[in-house]
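Here the sequence shown stands for residues 14 to 91, numbered as in my numbering. First up is the structure itself, then whatever we jot down about it.
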Amino acid sequence: MLQLMTTINPDMITTTCGRELDLSSTELVIERSNSLFSYNIHKLKTGEYIIAEKFYANPFNNRYILLNDEQIEMLKNL
């Protein structure tokens, strides 16, 4: 009997725009957390950024938002 084993990579994420990315190949720029959630910003090799919001109580609410340089600059001016 042949059994297939699947390995889940916890660093593989899907952004809110549907792109699948590996967080292990990014540079962690900002890391913030408290007892309820973590809020991290990762920089991709392409120059884009991912805002990763991870909620400890309910991982189904986790969000991974992909931003480009222009969007990051706009955020700086808010």
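Ideal Cβ positions, reconstructed from N, Cα and C, are used throughout, including at glycine.
Three-way DSSP call (helix, strand, coil) for N74 in this model: DSSP places N74 in helix when its eight states are reduced to three.
May I ask you to report which of helix, strand or coil DSSP gives K67? Reduced to three states, the DSSP call for K67 is strand.
Would the segment 41-52 and the segment 21-32 be scored as touching if the rule is three or more Cβ pairs under 8 angstroms? No, they do not touch.
Straight-line Cα distance separating N90 from N75: About 26 angstroms.
By DSSP's criteria, L53 is part of a beta bridge. Which residues make up the other side? Correcting the residue type first, residue 53 is Asn in the shown sequence and not Leu. According to DSSP, N53 bridges with E44 and A65.
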